[in-house]
Structure formats: structure tokens, C-alpha cells
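Quick notes on the structure that follows.
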Amino acid sequence: MYRTFTCGELRLADVGKTVVLAGWVQRVRKMGGMTFIDLRDRYGITQLSFDESINAEVFVEANKLGREYVVQATGVVKERYSKNAQLPTGDIEIEVEKLQVLNPAVTPPFTIEDDTDGGDDIRMKYRYLDLRRTAVRKNLELRHKMAFEVRRYLDEQGFLEVETPVLVNSTPEGARDFVVPSRMNPGQFYALPQSPQILKQLLMVSGFDRYFQIVKCFRDEDLRADRQPEFTQIDCEMSFVEQEDILQMFEGMSRHLFKTIKGIDLPKLPRMTWADAMKYYGSDKPDTRFDMRFVELHDMFHAHPGFGVFDGAAYIGGICAKGAASYTRKQIDALTDYVRRPQIGAKGLVYARVEQDGTVKSSVDKFYSQDVLQELKSQMNAEGGDLILILSGDDAMRTRKQLCELRLEMGKQLGLRDPQKFSCLWVIDFPMYEWSDEEQRLMAMHHPFTSPKPEDIPMLDTDPAAVRANAYDMVINGVEVGGGSIRIHDAKLQEKVFEILGFTPEQAQAKFGFLMNAFKYGAPPHGGLAYGLDRFVSLFAGLDSIRDCIAFPKNNQGKDVMLGAPGVIDQAQLDELQLKLSNTKQ
Ligand code: ASP
Numbered sequence: 324m325y326r327t328f329t330c331g332e333l334r335l336a337d338v339g340k341t342v343v344l345a346g347w348v349q350r351v352r353k354m355g356g357m358t359f360i361d362l363r364d365r366y367g368i369t370q371l372s373f374d375e376s377i378n379a380e381v382f383v384e385a386n387k388l389g390r391e392y393v394v395q396a397t398g399v400v401k402e403r404y405s406k407n408a409q410l411p412t413g414d415i416e417i418e419v420e421k422l423q424v425l426n427p428a429v430t431p432p433f434t435i436e437d438d439t440d441g442g443d444d445i446r447m448k449y450r451y452l453d454l455r456r457t458a459v460r461k462n463l464e465l466r467h468k469m470a471f472e473v474r475r476y477l478d479e480q481g482f483l484e485v486e487t488p489v490l491v492n493s494t495p496e497g498a499r500d501f502v503v504p505s506r507m508n509p510g511q512f513y514a515l516p517q518s519p520q521i522l523k524q525l526l527m528v529s530g531f532d533r534y535f536q537i538v539k540c541f542r543d544e545d546l547r548a549d550r551q552p553e554f555t556q557i558d559c560e561m562s563f564v565e566q567e568d569i570l571q572m573f574e575g576m577s578r579h580l581f582k583t584i585k586g587i588d589l590p591k592l593p594r595m596t597w598a599d600a601m602k603y604y605g606s607d608k609p610d611t612r613f614d615m616r617f618v619e620l621h622d623m624f625h626a627h628p629g630f631g632v633f634d635g636a637a638y639i640g641g642i643c644a645k646g647a648a649s650y651t652r653k654q655i656d657a658l659t660d661y662v663r664r665p666q667i668g669a670k671g672l673v674y675a676r677v678e679q680d681g682t683v684k685s686s687v688d689k690f691y692s693q694d695v696l697q698e699l700k701s702q703m704n705a706e707g708g709d710l711i712l713i714l715s716g717d718d719a720m721r722t723r724k725q726l727c728e729l730r731l732e733m734g735k736q737l738g739l740r741d742p743q744k745f746s747c748l749w750v751i752d753f754p755m756y757e758w759s760d761e762e763q764r765l766m767a768m769h770h771p772f773t774s775p776k777p778e779d780i781p782m783l784d785t786d787p788a789a790v791r792a793n794a795y796d797m798v799i800n801g802v803e804v805g806g807g808s809i810r811i812h813d814a815k816l817q818e819k820v821f822e823i824l825g826f827t828p829e830q831a832q833a834k835f836g837f838l839m840n841a842f843k844y845g846a847p848p849h850g851g852l853a854y855g856l857d858r859f860v861s862l863f864a865g866l867d868s869i870r871d872c873i874a875f876p877k878n879n880q881g882k883d884v885m886l887g888a889p890g891v892i893d894q895a896q897l898d899e900l901q902l903k904l905s906n907t908k909q
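Residue numbers (the numbering used here): 324 to 909.
Pasting the structure below:
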């Protein structure tokens, strides 16, 4: 037997037992005639003690150990003199009688401690060592638990987990595909699924009724903190349901996760229309942990012309930062620089401070009387001590997005975005389409199988851009954790939607013909959604990036620096696939 206990389980009650532990040497502390070693495994850390006066031979052995050696220690559990309240095993130590090196280790390139000295790049290169760190391993333990509870909940609700293939063809989530050349069919390529969207709809046609899958999806997009080229979805679909059934079912799943994992009783989720989310938060994924809603000010300022920038602006919006009137000029200048950054692109920022006596001091004082500024104060519902921040612009949507960034930044600066506080909601009634300047056509906001709201169907002919979809997102703390829709199950309506998206009947047939064909054989009304498991876990873990809850993530260039992927392949392999590379440095 390599061990009788793990490094995380011995307590005072075990004092006197002879035990065998195995693990990694985290740290060696030499103090005269005593040496102490922190021995680590997945379950925790236990202190080994070596006393020269008790066992000189083992003491000498212990002093030869280096960091990350794998050792086996046999000894007796003793109560510690100086206890460590930080460690669950901190009341005891093992007085070692026998020590065996199972494997020596070269010195690792960074310290394997919570506060490591290793930078991002080196830790990614040696990810297997990074994963030894408790902080990282904890995230994966959490991920396991969440996936397990998802399966438990969905199983109890009668869902079947069905695997769908990874080598498929293009799926319609609107990102670029990763492709895989087919050796047996030269010149032809598989695409990796951006989601199992079509397949899960086909499973509904097959009568599976309630499907789910915890599944890898692949999208060749530019990477961000909450995006990886391959990521995991909790993908779900149900038959004979309306939107309400789906919202209830998956609100239930989220409630189950919050309760079992976090011990939190999730209140009934509020619902916000997409239009309101844009109007009040400038985002379809509002962070509702704090208020600071937008107030539209164009009517008010246009009634009091004087300041050219506002007079000509199509949209003027303000937010009221409670208690932030103490912001110095320098802090406000920094906010102005923030919104002027090219990624945000605002021209400037107007502020108004509400003094304790109620008077308002503003950066545009010279254009407005105190009466107008008092009107501003009342529109903003502001009181003494508050700071009002205003952005304006020609394009309402663009200005709202800028104001959204400012609101989030203010929320951060004022400590209103506590990662341990959760605010969840459904955003509903998304538009069916959004205009793409790049493609000069309407694009599906969710995907082309999303059903319009029945009452909006007549507008498909007259004003498609105004048609709302039976589509919904679950948003937690400003993160879209899940989203889906009721699907079109009527082949005629589907054809019409393809037509508005600019597909000729031939193109639609070539791309999605098999789905439309399948629908002819009796498709039940159906709908579903998918959660991003990585995002859900990182929210629960309070992480900034989803990378830290993925065992082997890719970096911002989409590379796995540990494996050296992607890599070049040799000429023979290229020849076999009948592929020729052009202009590529090999
Ligand atoms: N396939 C969709 C997505 O990946 C989710 C859904 O509509 O069920 O966003």
C-alpha cells in the first residue's frame, strides 16, 4: 500500500496512529536539529517532522529532499506544539520513522504555492505543474461538481444525454469554423461543430423529447477573457414546449446549482426585455448587481439649448454615481480618458457634482443656469454627494454602449461589482435580426432557426428589422451564461426566414436542406438553450477569466504552449491529404 491516509485527512483524533502518507514535497524548513516538510497531495498538506535526536538517519535523508520530490513517509501522528490554524491538518504532524523517495524532481520553474512567483506564460507552458496549485485545482473540483449537479438535475427531469459527432459540417452560430481535411474524400473538409444546434433539433424530430449534452464546441473567433476556441456547453433541447416552459425548467436548474454548490437560495429571476436592457443599461447583458440606470436627457437639454455638443446630439444619457461627488478633478479626467480610449470611442464626458447643500456644479456651468442644473438633478434622481456623468452622441446605440462601459467602470471603482454577490435575470424578446454593415444585410441575432414571436410574424414582410424573436438569455453579473430560443418547426416559415437572411432557396437547400427535409416528417414544436459551462464555473469561482477553470486552456493567440499546438505537419501528411500550402513560413 502506498498510503493509508491522504495528506488532507489526519486530525487530533488520529494522534498515536502509525500512518503512511505519499505526496509531493512542497517546502523543506531546516531549523537546527529539526527539519519540517510540508507534504502535499490533492487533498491537502500535512507536516512531516524529522528530529535528529530521535532518528538521525531519517533526518539526514530528509535534508536531501528537494522541492516536488515524490516521497512516501511512514510515522506516528503527533500533536503539534505550534499549531497552524490555516491548515485543516494544522493540529498534528507526522514524526517520520521511514522515508522513501518514490521519485526525485528537478527544481520546478516556479513555486507551487497559492502565491506563486510564476508569470502567466511560464505557468501555461508547465500547466501540469500549475495544476498542482490548490487555487487552480479547486476551480476544477468546482467544475466537476457543477457538471455533476447539472447531470443530476437534468436526469431527474427526464433528460437524456446523447452524444453528437465532432466531425460535422458547418453549423450556423455565425462564427468561423475550424475545419479538418478528409483523407478519404480529398478536397473535402469536415467542420468542427460551433454547437450541436442542428443535431439536437433533429433529435427532437426523432422523438427524444428532452435532450442534453455537456459538449465541446469550437469557434474560430478572436479570443477574450470569456472566450476560448474550444469551450464547453450544457446544451439542451425540449419538445412540446413554449418559451415559458423552458424558462421555468432552466431557472430550476440554476436554482439547483446555486443551492447545492453555493448554498444560495436564488430568488425568482426577473425578466427584462432586450429593448429595456439596451435603454437602461446599454447592453443585452446588464450587470444588475448595482443600479445606476441610464436616464435619457436629450429632451431636457434640447429644451434649453446653449451647449453646442448637446444641442446637436441625437442621444444624451446620464448615470448617477451615488456618493461619488468627492471624485477629484484628476479622477474625473481619468474617467474621461477611459471613455476616450479607442475601444470605447466617446468624444468626451460631462459631469455634474451635487454639493451637500443641493447646488449643482458642472463642467458645463457656463452654458446652463442653476435652474437647468437643478432640473438635471431631479431627472437623475440625484441628491447631495452624488456625481452625475453624461455622454452624448449622434448614434443612440453607440452612445449607449459607451455609457455602458462607463457605468461598469464606475461600478468597479465604487466597489459595486462584488464577485461573491450574484444578480441573475432573463433577458427576453431579442430582435430576430441585426443589421450587418460588413455584409450589408440582416443577420440572425441568435441563429436562423429561431422562431419569431407569433404576433410579429406579419411584420416579416413589412418591417423585418422590427420583428422580435422568442429568444432569451440568462445573464448573471453582466455575463451571458446561457441563451436559446423556441425554434421554427414549420418548413414554410423557415424558408421565409432564410429568404430574409439573404439565402436563395438553392443556397438554403444546400446548407440546411436536410433539416428542412426532416421537418417534413413531423417535427414537434421545440426549443432549447445552451449554457456556457466555463463561464458558469468561472462566475461561481469568482474568476476574471474562463481560462482558470479549464484544465488545459489556450492562450490569447489560440495556442496551447505546453503541447505546441497548433503545429506544422510534415510533407507526407500534407500529400496524403492532397493539401498544398501557400505563403506559409514552415
Ligand atoms: N446553439 C445555441 C448557441 O450555441 C444555443 C441554443 O439556441 O440552444 O448559442
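Cβ atoms here follow ideal geometry from the backbone N, Cα and C, with glycine treated the same way.
Values in this document were obtained by computation on a predicted structure and should not be read as measured data.
Straight-line CA distance for residue i to residue j?
i	j	result
aspartate 784	arginine 616	35 Å
leucine 862	glycine 605	22 Å
glutamine 743	tryptophan 749	20 Å
isoleucine 811	phenylalanine 837	15 Å
alanine 864	glycine 441	21 Å
arginine 547	arginine 870	10 Å
arginine 981	alanine 626	Given a span of 324 to 909 for the chain in the structure shown, any question on residue 981 remains unanswerable.
tyrosine 366	leucine 483	33 Å
alanine 814	glycine 890	44 Å
tyrosine 451	methionine 797	34 Å
leucine 525	alanine 788	28 Å
valine 804	proline 754	19 Å
valine 802	leucine 425	46 Å
serine 405	leucine 731	46 Å
threonine 682	arginine 664	31 Å
alanine 794	alanine 648	40 Å
arginine 499	arginine 506	22 Å
serine 686	arginine 460	50 Å
aspartate 364	valine 884	26 Å
glycine 845	tyrosine 661	55 Å
glutamate 706	valine 695	15 Å
glycine 530	phenylalanine 745	37 Å
proline 852	glutamate 472	Looking at the sequence shown, residue 852 is not proline but leucine. For leucine 852 and glutamate 472, the distance between alpha carbons rounds to 18 Å.
glycine 806	threonine 329	42 Å
Along the chain, where does the alpha helix (DSSP H) that runs through residue i open and close?
i	result
glutamate 375	That residue, glutamate 375, is in no alpha helix (DSSP H); it is neither H nor E in DSSP.
lysine 461	457-479
serine 701	693-702
aspartate 453	450-453
threonine 785	782-785
valine 528	520-528
Under DSSP, the beta strand (DSSP E) around residue i begins and ends at which residues?
i	result
isoleucine 569	Unbroken run through isoleucine 569 is the alpha helix (DSSP H), 566-580; no beta strand (DSSP E).
cysteine 727	Per DSSP, cysteine 727 belongs to no beta strand (DSSP E); it is in the alpha helix (DSSP H), 719-736.
glutamate 416	415-426
aspartate 898	Counting along the chain, aspartate 898 falls outside any beta strand (DSSP E), though it belongs to the alpha helix (DSSP H) covering 894-899.
isoleucine 751	747-751
methionine 324	Looking at the DSSP string, methionine 324 is not in any beta strand (DSSP E), and its letter there is neither H nor E.
glutamine 536	533-541
valine 348	341-354
leucine 714	710-716
aspartate 437	No beta strand (DSSP E) contains aspartate 437, which DSSP labels as neither H nor E.
Going by the C-beta, is residue i closer than 6 Å to any heavy atom of the ligand COA?
i	result
isoleucine 667	Only the ligand ASP can be found as ligands here, which leaves the ligand COA out of the picture.
For this session: When you get a sec, list the residues whose CB is within less than 5 Å of any heavy atom of the ligand ASP, chain order please.
Result: Ser518, Gln520, Gly807, Gly851, Leu852, Ala853
For this session: At 3 residues or longer, and completely inside the stretch 809-889: list those beta strand (DSSP E) runs for me, N to C.
Result: 849-855
Problem set entry | Runs of beta strand (DSSP E) lying entirely within the stretch 604-652, each at least 3 residues, in chain order | Complete beta strand (DSSP E) runs here, min 3: 638-644.
Problem set entry | Length at least 3, wholly inside the stretch 753-794: the beta strand (DSSP E) runs in chain order | 756-759, 764-767
Exercise. Taking the runs of the alpha helix (DSSP H) that are 4 residues or longer, which of them lie wholly in the stretch 488-521?
Worked result: If we require 4 residues or more, the stretch 488-521 turns out to have no alpha helix (DSSP H) run fully inside it.
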